[in-house]
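Reading through the structure tokens given below for one structure.
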Amino acid sequence: MSGEQVPPRDSWDPIDEALYGPEDLYKVKAEEADRLRLGAVRSSLNRHYTRNRFYNTLCKQRGVTPEDFKKLDDLAKVPLVADAIFKQYPEPGKFVAWLRGISCDDVKYPKIEGSSYQELIDRLNEYGLKVIFSSGTSGRSSFFPRDQIALEREKHFRLHHYRFLGHDPEEYVVQLGPDYRKIHPNWVIAHTAGNDDRRFHKEDRIHHMVSIDATTDTVHTVMGQSGQMGRFQAKDKLKLLKEQAREANSLTAQILEDLNKKGAKGKIGGTPPLLNDFLSWMENSGERLSLGDRWIIETGGGGLVSPETLYNRVERVLGIPSENCRDIYGLSESTVSFPSCEGHYYHIVHTLLHPFVLDDELEPVGYGEFGRFGFIDPLAHAYPGCIITGDRIKLLESCPSCDRPGPVISSPITRAPGAEDRGCGATVRKLMAEVTDGA
Ligand SMILES: [Zn+2]
6 MSGEQVPPRD
16 SWDPIDEALY
26 GPEDLYKVKA
36 EEADRLRLGA
46 VRSSLNRHYT
56 RNRFYNTLCK
66 QRGVTPEDFK
76 KLDDLAKVPL
86 VADAIFKQYP
96 EPGKFVAWLR
106 GISCDDVKYP
116 KIEGSSYQEL
126 IDRLNEYGLK
136 VIFSSGTSGR
146 SSFFPRDQIA
156 LEREKHFRLH
166 HYRFLGHDPE
176 EYVVQLGPDY
186 RKIHPNWVIA
196 HTAGNDDRRF
206 HKEDRIHHMV
216 SIDATTDTVH
226 TVMGQSGQMG
236 RFQAKDKLKL
246 LKEQAREANS
256 LTAQILEDLN
266 KKGAKGKIGG
276 TPPLLNDFLS
286 WMENSGERLS
296 LGDRWIIETG
306 GGGLVSPETL
316 YNRVERVLGI
326 PSENCRDIYG
336 LSESTVSFPS
346 CEGHYYHIVH
356 TLLHPFVLDD
366 ELEPVGYGEF
376 GRFGFIDPLA
386 HAYPGCIITG
396 DRIKLLESCP
406 SCDRPGPVIS
416 SPITRAPGAE
426 DRGCGATVRK
436 LMAEVTDGA
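Residues 6 to 444 in the working numbering are what the sequence shown spells out, letter by letter.
Right, here's the structure in full:
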């Protein structure tokens with residue numbers, strides 16, 4: 006699984022070195038990763054300080070310059086931006102100007118007009134600028150622009166991420182939900198998980214158990230612009246979707262059984278709630294499978310409350326061992342995501358991402374304490390990737406379960422107090438609810 010264009014080594018900056026240098030980003034020893042990360046972060050801070058007026062102003066307000074960040078300990082003073090900033094965009098008429106305002110001055114935006122965010126984002130895609138949006142379950146999406154440099158780098162990271170999860174290019178893919186790319190390619194879950202399936206697996210081995218077409222209504226629901234447009238309106242389409250959702254579980258069981266008889270390898274993908282629903286259907290129908298360790302469960306989108314409970318059920322109902330059950334913590338605010346290992350700890354790509362856990366005063370706390378997740382993401386080339394998220398996490402200095410070096414995030418990952426429930430999992434649940442409840 007490659008097809009990768011790595012830029013020539015003599016053109017690398019410290020960010021490229023930290024990304025393209027190691028053979029396996031998840032096996033770099035801590036000391037070497039610290040050196041690479043410091044270089045990458047300093048290079049990124051320098052870029053945003055000199056080329057991003059918004060970030061430059063923030064640094065000046067805090068009285069810091071890139072020269073103040075010489076060692077890893079100094080990074081605690083790096084000004085971080087609250088994720089809410091990326092939700093504070095104006096009406097579509099001023100949207101591109103707003104994007105320009107959060108971007109570095111060498112990210113060139115075309116002069117385009119459009120009457121909706123979706124139209125503008127589609128036009129920017131044609132231009133090679135991909136604006137990723139989060140699920141707008143709280144009523145408003147966040148938008149994060151990616152230029153070509155960021156997209157190339159992110160693509161390379163995904164290769165390492167995917168390899169971490171133990172996939173085999175020959176395996177079959179059974180997705181419990183729809184093909185998110187058909188809803189919109191810039192939705193974060195489509196941009197990451199949706200693209201990975203197509204990139205790393207054969208098209209004719211991928212099954213989506215629910216099909217949802219990209220109507221404007223659907224995109225608006227995902228973008229959190231529901232209003233009167235948010236619900237599916239075409240009655241015949243709705244009827245079809247309802248039937249599909251009802252059929253999906255028995256169809257999934259049938260496909261899995263057939264593949265198992267063939268001795269095929271595979272992965273079952275979906276959000277934790279979709280997996281839960283499928284397991285309940287299996288239990289209620291008295292069905293059992295013994296897929297064994299040739300199969301991987303890969304969930305994502307948030308909503309995994311208790312890995313032990315869920316994975317025990319998977320083992321009992323599907324016969325897939327717990328160490329093959331992997332969850333991915335991903336968020337639109339970051340270009341990298343966090344895959345969980347065999348022991349269900351989320352690994353941080355520590356040559357690149359510098360994590361923080363922050364207390365209520367937004368001061369960093371140590372390992373082993375819960376707090377708000379913040380980070381410096383040097384792969385965010387267009388906008389400053391120094392961000393405070395609304396997620397509450399606990400960071401451990403090393404993984405209690407496996408020997409891969411670097412810090413890990415332990416579950417549960419929840420919303421910080423005061424932050425609203427959100428996430429792709431929640432949006433998928435909402436879409437499915439509309440499908441099954443009717444309009
Ligand atoms: Zn681990």
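Where a beta carbon is used, it is the ideal one built from N, C-alpha and C, also for glycine.
Distance from the C-beta of residue 407 to the nearest heavy atom of ligand 1 is below 7 Å. Residue 68 and residue 60 have their C-alpha atoms spaced approximately 12 Å apart. Contact check between the stretch 85-99 and the stretch 152-159: fewer than three CB pairs, one atom from each, fall below 8 Å, which does not count as touching. Residue 372 has its Cβ no nearer than 7 Å to any heavy atom of ligand 1. For residue 109, the distance from the CB to the nearest heavy atom of ligand 1 is not below 7 Å. In the structure shown, the three-state DSSP call for residue 154 is helix. Taking the Cβ of residue 330 as the reference point, every heavy atom of ligand 1 lies at 7 Å or farther away. Straight across, the Cα-Cα distance linking residue 422 with residue 360 is about 20 Å.
In the DSSP secondary-structure assignment, residue 415 is bridged to 399. Secondary structure within the stretch 252-314: the alpha helix (DSSP H) runs of 4 or more consecutive residues, fully enclosed, are 277-289 (chain order). Here the alpha carbon of residue 115 sits roughly 15 Å from the alpha carbon of residue 122. Looking at the DSSP output, residue 363 bridges to 369 and 377.
Cβ-Cβ distances below 8 Å link residue 54 to 60, 61, 64, 70 and 71 in the same chain, with the five nearest sequence neighbours on each side left out; the list follows chain order. Comparing C-alpha distances from residue 92 to each of 150, 77, 119 and 37 shows the shortest one belongs to 150. In this structure, 152 is the residue among 33, 152 and 73 with its C-alpha nearest to the C-alpha of residue 112. Here the alpha carbons of residue 148 and residue 259 stand approximately 39 Å from one another.
Boundaries of the beta strand (DSSP E) around residue 333: 330-334.
Non-local beta-carbon contacts of residue 417 in its own chain, meaning distances under 7 Å to residues more than five positions away in sequence, involve 310 in chain order. Residue 88 and residue 395 do touch by the CB rule: their CB atoms are close to 6 Å apart, below 8 Å. Apart from sequence neighbours up to five positions away, the residues of its chain that approach residue 374 with a beta-carbon distance below 7 Å are 362 and 399, ordered along the chain. Between residue 166 and residue 23, the alpha-carbon positions lie close to 15 Å from each other. Assignment of residue 344 by DSSP, reduced to helix, strand and coil, places it in the strand class. Within the same chain, 331 and 344 come within 6 Å of residue 170 by CB-CB distance, once the 5 residues on both sides are set aside. Inclusion of residue 227 and residue 189 in the CB contact set at 8 Å is warranted, their separation being smaller than that value.
Taking 8 Å as the cut-off, the beta carbon of residue 35 is found closer than this to the beta carbon of residue 410. For residue 178, there is no enclosing alpha helix (DSSP H); the residue is part of the beta strand (DSSP E) that begins and ends at 177-180. In the three-state DSSP reduction, residue 74 falls in the coil class, being neither helix nor strand. When DSSP states are grouped into helix, strand and coil, residue 352 belongs to the strand group. Within the stretch 49-126, no beta strand (DSSP E) run of at least 3 residues lies entirely inside it. Taking 8 Å as the cut-off, the Cβ atoms of residue 323 and residue 279 do not count as close. Taking 7 Å as the cut-off, the C-beta of residue 64 does not count as close to any heavy atom of ligand 1. Cβ-Cβ separation between residue 141 and residue 229: approximately 2 Å, consistent with a contact (criterion under 8 Å). Spatial neighbours of residue 270 in its own chain (CB-CB distance under 8 Å, excluding positions within 5 residues in sequence) are listed in chain order as 173, 175, 176, 177, 299 and 300.
Scanning its chain for C-beta atoms nearer than 7 Å, with the 5 sequence neighbours on each side dropped, one finds around residue 391 the residues 83, 84, 85, 86 and 381, in chain order.
In this structure, DSSP gives residue 392 an extended state, which the three-state scheme calls strand.
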